[in-house]
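Notes follow the structure.
Numbering (our numbering), first residue to last: 23 to 252.
Given below as structure tokens:
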């Protein structure tokens with residue numbers, strides 16, 4: 023990782039520290055429950071501790087880290103109940119958005135997203151798990167955009183990042199063909215303006231039982247500590 027040049031502004035220091043720390047937190051490059059050393063991070067990034075602390079505070083507010091008074095900042099744990107709650111939040115947001123999309127989305131925009139499915143296909147090919155998850159997130163973010171509500175999209179992006187490790191596990195288990203088929207079903211119902219069928223398809227696609235999440239987290243933790251790369 024390269025250092026920061028001295029002519030960059032403080033806000034740029036914060037932004038770049040935030041981006042790097044967020045990437046580390048999302049991918050659990052920092053292990054669950056591990057304490058972050060502000061001094062070491064500042065030295066690693068080649069900046070003072072002030073922008074590092076600002077970035078850490080922002081990530082704590084967004085749910086990627088936790089702060090313990092008198093002890094400092096820690097990487098969030100992989101907690102099954104929290105992840106289950108996030109999946110419920112994701113479902114509520116996406117269902118709310120698709121109701122708006124029934125009225126707001128144009129046929130041309132829906133067809134463009136169908137074309138994206140055609141171009142990316144159900145076959146994972148030689149894509150990495152990380153690339154497959156990115157494609158899946160892109161689909162859901164574009165589906166959200168059809169609603170015309172950018173604030174809902176902001177929330178979805180935050181939730182997606184916080185459940186990304188579970189979605190990596192899904193893709194590791196070869197869910198790509200099933201996922202793509204479900205994506206197409208959602209869009210076809212949307213194009214038909216069939217709200218009931220569209221919502222039902224979307225809920226089936228997103229729903230995860232708590233035991234499924236617990237199993238995925240158990241596997242995810244094993245991969246973290248084995249230092250598996252994606």
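All C-beta atoms in this analysis are idealised placements derived from N, C-alpha and C, irrespective of residue type, glycine included. The model shown is predicted, which means the values in this text are computed figures rather than measured ones.
If we ignore side chains and look at the alpha-carbon of each, how far apart do residue i and residue j end up?
i, j, result
"residue 26", "residue 187", "With a pLDDT of 48 at residue 26, under the threshold of 50, the modelled position of this residue cannot be trusted; read the value that follows with caution. For residue 26 and residue 187, the distance between alpha carbons rounds to 29 Å."
"residue 53", "residue 97", "7 Å"
"residue 28", "residue 78", "Note that residue 28 scores 49 on pLDDT, short of 50, meaning its location in the model is unreliable; the coordinates nonetheless yield the value given after this. Near 21 Å, if we compare the C-alpha coordinates of residue 78 and residue 28."
"residue 205", "residue 199", "10 Å"
"residue 89", "residue 72", "16 Å"
"residue 197", "residue 173", "29 Å"
"residue 148", "residue 140", "17 Å"
"residue 70", "residue 203", "49 Å"
"residue 117", "residue 125", "13 Å"
"residue 244", "residue 105", "17 Å"
"residue 250", "residue 150", "At residue 250 the pLDDT is 48, less than 50, meaning the model places this residue with poor confidence; the figure from the coordinates comes in the next sentence. Distance between the alpha carbons of residue 250 and residue 150 is about 13 Å."
"residue 252", "residue 99", "Caution is warranted here: a pLDDT of 44 is assigned to residue 252, below 50, making its placement in the model unreliable, and no coordinate value can be reported."
"residue 23", "residue 82", "Residue placement at residue 23 cannot be trusted, given a pLDDT of 48 that sits under 50; the coordinates are not used to answer."
"residue 230", "residue 142", "25 Å"
"residue 232", "residue 189", "14 Å"
"residue 239", "residue 175", "25 Å"
"residue 215", "residue 153", "31 Å"
"residue 110", "residue 127", "24 Å"
Taking the beta carbon of residue i as the centre, do at least 16 other beta carbons fall within 10 Å, making it buried, or is it exposed?
i, result
"residue 134", "exposed"
"residue 120", "buried"
"residue 191", "buried"
"residue 123", "buried"
"residue 20", "This structure cannot speak to residue 20, because the chain is shown only from 23 to 252."
"residue 146", "buried"
"residue 218", "exposed"
"residue 59", "exposed"
"residue 160", "exposed"
"residue 41", "exposed"
"residue 158", "buried"
For residue i, tell me which candidate among the options has the shortest Cα-Cα distance.
i, options, result
"residue 129", "150, 184 and 169", "169"
"residue 87", "180, 212 and 189", "180"
"residue 113", "234, 84 and 162", "162"
"residue 102", "247, 61 and 242", "242"
"residue 248", "39, 50 and 143", "50"
"residue 76", "208, 35 and 234", "35"
"residue 137", "63, 217, 209 and 55", "209"
"residue 223", "201, 46, 235 and 237", "201"
"residue 155", "183, 165 and 131", "183"
"residue 94", "66, 61, 107 and 84", "61"
"residue 207", "246, 165 and 185", "165"
Just reading off the alpha helix (DSSP H) that residue i is part of, what are its end residues?
i, result
"residue 248", "Run containing residue 248: none; DSSP gives neither H nor E here."
"residue 94", "Premise fails: residue 94 lies in the beta strand (DSSP E), 94-97, not in any alpha helix (DSSP H)."
"residue 144", "From DSSP, residue 144 is part of no alpha helix (DSSP H); its letter is neither H nor E."
"residue 84", "No alpha helix (DSSP H) contains residue 84, which DSSP labels as neither H nor E."
"residue 170", "Segment: none, residue 170 is in no alpha helix (DSSP H) and carries neither H nor E."
"residue 121", "102-126"
"residue 16", "Lying outside 23 to 252, the shown extent of the chain, residue 16 is not represented and no answer is given."
"residue 226", "217-228"
Could you check where the beta strand (DSSP E) with residue i kicks off and where it finishes?
i, result
"residue 88", "87-90"
I'd like to know if residue i contacts chain D, where contact means its C-beta is closer than 7 Å to some C-beta of that chain.
i, result
"residue 221", "No chain D is present in this structure, which holds just one protein chain."
DSSP three-state label for residue i, please.
i, result
"residue 57", "strand"
"residue 183", "helix"
"residue 40", "helix"
"residue 214", "coil"
"residue 23", "Low per-residue confidence applies at residue 23: pLDDT is 48, beneath 50, and the placement is therefore not dependable, though the value from the model is reported in the following sentence. Looking at residue 23 - three-state DSSP - the assignment turns out to be coil, as it is neither helix nor strand."
"residue 70", "coil"
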